[in-house]
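In our numbering, the protein residues as written are 25 to 416. Below is one structure, written out as structure tokens, with a few remarks after it.
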């Protein structure tokens with residue numbers, strides 16, 4: 025399983041090999057077909073001979089009295105106005121007009137192929153030269169290496185990242201609102217960058233991204249508990265480790281056993297257990313900042329919960345992908361290629377003028393489109409009307 029990297033397939037050797045093979049295959053197919061398309065574009069059939077005419081479904085013919093050159097000039101102007109400026113060729117006593125639009129559509133599929141190859145190259149570059157890992161940094165501590173995903177090696181960052189502080193902002197209901205890490209980048213013995221990051225707002229330095237991923241407690245937390253007499257005379261403040269009893273002279277022992285961030289919708293609270301000499305254990309909740317509620321127990325001492333003293337750690341996802349810009353370039357090129365391939369059409373129109381046996385000029389108009397032929401049929405009708413109306 026480890027040799028095949030089935031749990032990290034996108035960074036496995038065989039997935040990388042598939043990308044390379046697919047890229048080579050697509051490149052070979054493109055190089056095999058591209059010269060034929062390039063020949064069609066560079067050397068179009070500008071003359072409408074009888075063999076070409078038979079292959080075209082859109083064709084019309086008529087005759088006109090007058091000079092062949094005059095009609096050629098008129099139809100050239102009409103074709104320029106209704107379609108595109110034609111190329112004029114004279115051969116064997118005939119005049120041929122040829123006009124085309126949307127030549128770029130012929131290259132759409134190859135632009136798309138090129139974009140896929142570029143995306144794969146970017147993926148290969150990111151796979152080979154990049155890394156992704158996760159690291160936990162306790163408050164006040166720093167790291168200069170990150171365990172990469174899979175845990176088989178450590179990646180040296182080339183600088184140090186320090187967590188100055190971490191905090192969780194909450195809504196009034198107690199639900200988490202934001203996880204906030206204050207980070208510093210130490211490079212060359214000095215603070216090169218300091219930034220507060222939250223989810224979806226990462227820190228970036230020297231091409232390496234640091235994303236807020238998780239958080240937690242770095243070790244056990246202690247609870248602050250203020251103790252006073254019923255008349256308000258303060259006795260002191262206790263720092264209670266989890267579930268460890270502390271003695272209060274003349275009273276008994278007390279220990280904190282549970283913490284609730286939003287007890288009964290009122291706010292943070294600490295559950296404590298009190299054991300007095302000769303009495304059974306008694307447990308109750310002490311709310312933060314509400315000693316008035318604790319007075320209702322009618323005890324000799326009043327407790328006020330002051331919150332937790334907890335050292336937190338921030339969990340960061342660390343990633344470097346030098347191929348990401350190459351991938352974005354490929355994606356942009358793919359959009360261009362798809363537009364060229366599916367929304368453009370190579371449309372061609374031919375006009376042949378030749379002398380007829382009766383002394384008039386025989387005119388043949390024909391057209392074709394590489395795609396979306398229904399739309400071109402309507403367009404051809406307008407071209408046909410415009411050309412026929414010329415000189416009338």
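Cβ atoms here follow ideal geometry from the backbone N, Cα and C, with glycine treated the same way. Please read all numbers here as calculations on a predicted model, not as lab measurements.
Query, Result
"Simplified DSSP assignment, three categories, for residue 41", "helix"
"Segments of 3+ residues assigned as beta strand (DSSP E) that fall wholly inside the stretch 281 to 335", "291 to 299, 306 to 311, 325 to 333"
"Beta-carbon proximity list for residue 129, same chain, < 7 Å, skipping 5 on both sides", "364, 365, 368, 369, 370, 394"
"In chain order, each alpha helix (DSSP H) run of at least 4 residues that lies wholly inside the stretch 69 to 145", "74 to 79, 92 to 106"
"Local Cβ density within 10 Å of residue 99, reported as buried at 16 or more and exposed below that", "buried"
"For residue 41 and residue 405, the rounded distance between their alpha carbons", "53 Å"
"Sequence-distant residues of its chain with Cβ nearer than 7 Å to residue 92 (five each side left out)", "119, 377, 379, 385"
"Residue 249 at chain C interface by Cβ criterion, 9 Å", "Reference to chain C is not applicable here, since this structure consists of a single protein chain."
"Residue 354 beta carbon less than 9 Å from that of residue 148", "no"
"Host beta strand (DSSP E) of residue 413 (start-end)", "It is not in any beta strand (DSSP E) - residue 413 instead sits in the alpha helix (DSSP H) that spans 397 to 413."
"Cβ neighbours of residue 232 in the same chain (closer than 8 Å, five flanking residues each side left out)", "181, 342, 343, 344"
"Residues near residue 222 by beta carbon distance below 7 Å, same chain, minus five either side", "202, 203, 204, 236"
"Same chain, Cβ closer than 8 Å to residue 258, five either side skipped, listed in chain order", "250, 251, 252"
"Sub-9 Å separation of residue 332 and residue 283 beta-carbons", "yes"
"Rounded distance between the beta-carbons of residue 137 and residue 62, thought under 8 Å", "Actually they are not in contact, since the Cβ atoms of residue 62 and residue 137 sit about 14 Å apart, beyond 8 Å."
"From 133, 112, 132, residue whose alpha carbon lies closest to that of residue 123", "112"
"Three-state secondary structure (DSSP) of residue 156", "strand"
"Inter-stretch contact at 8 Å, needing at least 3 Cβ pairs: the stretch 166 to 176 / the stretch 185 to 193", "yes"
"Nearest neighbour of residue 372, chosen from 106, 47, 44, 60 [CA to CA]", "106"
"First through last residue of the alpha helix (DSSP H) which encompasses residue 349", "348 to 367"
"Spatial distance of residue 59 from residue 36 (CA atoms)", "36 Å"
"DSSP state of residue 201 mapped onto helix, strand, coil", "strand"
"Buried versus exposed call for residue 199 [16 or more other C-beta atoms within 10 Å across all chains shown]", "exposed"
"Cβ-Cβ separation, residue 247 to residue 264 (assumed contact under 8 Å), whole Å", "4 Å"
"For residue 223, three-class secondary structure by DSSP", "coil"
"9 Å Cβ cutoff met for residue 340 and residue 161", "yes"
"Residue 171 - containing beta strand (DSSP E), residue span", "166 to 171"
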